[in-house]
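This report refers to the structure that appears directly beneath it.
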Amino acid sequence: MIQVKNLVFQYPKNDGPTLKGLSFEIDKGEIFGFLGPSGAGKSTAQKVLYKIYYDYQGSVRVDGKSLHDWDKHYFEKIGVGFELPNHYLKLTGRENLDLFATFYPNGKKRNVDALFEMVDLESDIDKAVETYSKGMKMRLNFIRAIQHDPDILFFDEPTTGLDPVNAHKIKQHILNLKAKGKTIFVTTHSMETADQICDRVSFIVDGELVVTDTPKNLKSKHGKKAVKIELANEQSKEFPLKSLGENADFLSFIKQGEVRRIHTLEASLEEVFIQVTGKSLKS
Ligand SMILES: Nc1ncnc2c1ncn2[C@@H]1O[C@H](COP(=O)(O)OP(=O)(O)OP(=O)(O)O)[C@@H](O)[C@H]1O
Ligand SMILES: [Mg+2]
């Protein structure tokens with residue numbers, strides 16, 4: 012669906028490039044994530060992909076066609092949840108959505124009330140957006156991105172500024188969009204979000220991709236292939252996963268007392284990020 016090869020991009024006033032040769036592919040129906048610290052180039056890469064910045068080097072192809080060859084129909088094909096919600100503050104939520112809908116004359120007829128209900132904004136639909144909180148603006152941003160039912164969705168930090176309940180709902184909506192066959196590219200510096208929703212992630216640091224893989228592979232490759240057993244009597248012991256069922260020590264250990272906890276010692280995505288890149292996600 013999306014193929015990016017050796018993408019280099021430099022802001023005109025900067026001394027060097029911000030994106031230093033990115034290569035990645037996103038399959039149809041996949042949720043792909045860029046995970047990296049602030050300033051890594053996540054938003055810049057997305058802006059190239061949604062045709063805000065034209066002057067890049069390398070190749071970006073969407074549906075087999077170079078981004079340079081796509082005309083305005085490209086904007087009907089994509090939906091963009093910008094990093095910073097840019098709404099018309101004096102207009103109501105509904106007016107904001109209606110205004111953006113005029114950009115998509117061929118878009119499918121959408122049910123505005125259902126969209127506002129999706130993100131629990133149904134009672135705020137006719138209020139001026141200047142009265143919305145940050146999280147409410149983010150939720151409006153989300154439904155604005157999906158309202159014309161595009162095939163490809165870009166979400167730049169979709170859960171930033173949301174409380175855990177709303178963040179959970181947005182993640183669930185993103186998974187539902189995937190279930191409908193949408194292709195989704197998210198950026199985040201939340202390893203939790205990446206872990207929960209992404210089929211594959213790329214770690215991006217200083218404009219370069221360090222590794223691309225599924226969260227599951229990344230965690231199991233970099234963690235210990237072992238299980239830790241904790242008994243109610245405070246005793247705990249680690250055993251290798253290999254041939255666990257035939258491991259006599261393991262079998263006798265779990266019979267020694269009541270088992271309180273069993274957990275595999277795979278690394279968290281954040282630990283993998285630090286191991287692989289030598290950087291913290293919080294920088
Ligand atoms: N308009 C601009 N002009 C010049 N430099 C810019 C511009 N926008 C971003 N940059 C620089 O490009 C680099 C990457 O910025 P970008 O916004 O892509 O990072 P990011 O990974 O999205 O970070 P964050 O997690 O904070 O959103 C930063 O060093 C930033 O200062
Ligand atoms: Mg950003």
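Each residue of the sequence shown is one higher than the one before, starting from 12 at the first, in my numbering. Don't be surprised by glycine CBs; every beta carbon is placed ideally from N, CA and C. Keep in mind the model is a prediction, meaning the values are calculated, not measured.
Kindly indicate which three-state DSSP category residue i falls into: helix, strand or coil?
| i | result |
| --- | --- |
| Leu220 | strand |
| Leu132 | coil |
| Ile63 | coil |
| Arg121 | coil |
| Ala112 | helix |
| Ser34 | strand |
| Phe250 | strand |
| His274 | strand |
| Lys148 | helix |
| Ala51 | coil |
| Glu94 | coil |
| Gln158 | coil |
| Gln267 | coil |
Should residue i be listed as close to ligand 1, given that the test is whether its C-beta is under 7 Å from any heavy atom?
| i | result |
| --- | --- |
| His200 | yes |
| Tyr22 | yes |
| Gly104 | no |
| Asn177 | no |
| Ser291 | no |
| Gly32 | no |
| Gly90 | no |
| Ile51 | At residue 51 the sequence reads Ala, which differs from the Ile that was named. Yes; taking the cut-off as 7 Å, the Cβ of Ala51 has a heavy atom of ligand 1 nearer than that. |
| Thr29 | yes |
| Asn25 | yes |
For the beta strand (DSSP E) that contains residue i, what are its first and last residues?
| i | result |
| --- | --- |
| Asn17 | 13–20 |
| Pro226 | Taken as a continuous stretch (DSSP letters only), Pro226 belongs to no beta strand (DSSP E), being part of the alpha helix (DSSP H) at 226–233. |
| Asp167 | 163–167 |
| Phe196 | 194–199 |
| Lys239 | 237–242 |
If you compare alpha carbons, which of the options is closest to residue i?
| i | options | result |
| --- | --- | --- |
| His274 | Glu41, Glu141, Phe114, Gly234 | Gly234 |
| Ser213 | Gly92, Gly52, Glu277 | Gly52 |
| Leu151 | Leu102, Val59, Gly69 | Leu102 |
| Tyr67 | Met129, Gly32, Asp206, Asn258 | Gly32 |
| Glu241 | Leu126, Leu229, Leu252, Ile265 | Ile265 |
| Pro96 | Lys76, Lys24, Val123, Tyr143 | Tyr143 |
| Pro161 | Gly92, Glu257, Phe261, Tyr99 | Gly92 |
| Thr8 | His179, Ile163, Leu164 | Limits of the chain in this structure are 12 at one end and 294 at the other, which puts residue 8 out of reach. |
| Gly146 | Val130, Ala139, Ala156, Ser134 | Val130 |
Regarding residue i and ligand 2, is the C-beta to nearest heavy atom distance less than 7 Å?
| i | result |
| --- | --- |
| Ser54 | yes |
| Glu94 | yes |
| Glu219 | no |
| Asp167 | yes |
Assuming the contact rule is C-beta atoms closer than 8 Å, residue i and residue j should be a hit. Round their C-beta distance to whole Å, please.
| i | j | result |
| --- | --- | --- |
| Lys239 | Ser247 | 6 Å |
| Thr199 | Glu219 | The pair is not a contact, with the Cβ atoms about 18 Å apart (cut-off 8 Å). |
| Thr55 | Phe86 | Actually they are not in contact, since the Cβ atoms of Thr55 and Phe86 sit about 19 Å apart, beyond 8 Å. |
Looking at the secondary structure, which residues open and close the alpha helix (DSSP H) in which residue i lies?
| i | result |
| --- | --- |
| Phe43 | Phe43 -> not in any alpha helix (DSSP H); beta strand (DSSP E) instead, spanning 42–46. |
| Lys39 | Counting along the chain, Lys39 falls outside any alpha helix (DSSP H), and DSSP gives it neither H nor E. |
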